[in-house]
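Read in order, the letters of the sequence shown correspond to residues 7 to 130 in the working numbering.
Built from N, CA and C at the ideal position, the CB exists for glycine as well.
Quick caveat: nothing in here was measured; it's all calculated off a predicted structure.
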Amino acid sequence: GGTGTPNDVNTARRFFQQHNFSANIMNIDADLMKKLHIIPATISCGYDINSSKFKTFCWKNASLYVDRYPLYPMTQTLHKVLIHGYEFIELFTLPLGMFSQEATNKVFKIFRENFTNAIGKKTI
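Shown next as structure tokens:
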């Protein structure tokens with residue numbers, strides 16, 4: 007937690023956005039790769055998420071993963087997201103995307119660009 011760099015995030019984002027290319031390189035199902043990209047995008051969107059629909063979507067993908075790749079155990083991280091992700095959505099009163107570092111950085115950028123002190127100079 008918290009040890010990744012922006013380069014890690016951008017690399018992962020690009021990897022999943024180009025799911026057909028990435029799936030071909032890794033020799034895995036492109037449809038599963040696309041769905042695995044939808045899940046973190048949904049979690050971090052900043053909108054209310056229907057936890058029941060999210061749970062169904064994630065569990066279907068967990069089942070698909072287990073059926074197609076029985077020789078490759080699911081990682082703990084993937085398990086947490088696919089099997090328990092809906093529980094986090096239900097626990098938080100605000101959308102999870104509002105708690106992300108990216109969302110916070112956007113708020114600070116807006117603050118820096120728009121607020122000035124009493125003498126007209128930028129406050130930050």
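For His-43 and Met-32, what's the separation of their Cα atoms in angstroms? One C-alpha to the other measures close to 15 Å.
Option nearest Lys-41 by Cα separation, candidates Leu-97, Tyr-71, Glu-96, Ile-95: Cα-wise, what sits closest to Lys-41 is Tyr-71.
Beta carbon of Val-87 nearer than 8 Å to that of Ile-55: The answer is no: Cβ separation not under 8 Å.
What separation, rounded to the nearest whole angstrom, lies between the Cα atoms of Ala-36 and Phe-27? Here the alpha carbon of Ala-36 sits roughly 8 Å from the alpha carbon of Phe-27.
For a test of the three-state rule: what should DSSP assign to Gln-24, helix, strand or coil? It is coil, neither helix nor strand.
Do Tyr-92 and Lys-66 count as a contact pair if the criterion is CB distance below 8 Å? Against a cut-off of 8 Å, the Cβ pair of Tyr-92 and Lys-66 comes out as no contact.
Name the two residues that bound the continuous alpha helix (DSSP H) containing Asp-37. Run containing Asp-37: 36-49, per the alpha helix (DSSP H) assignment.
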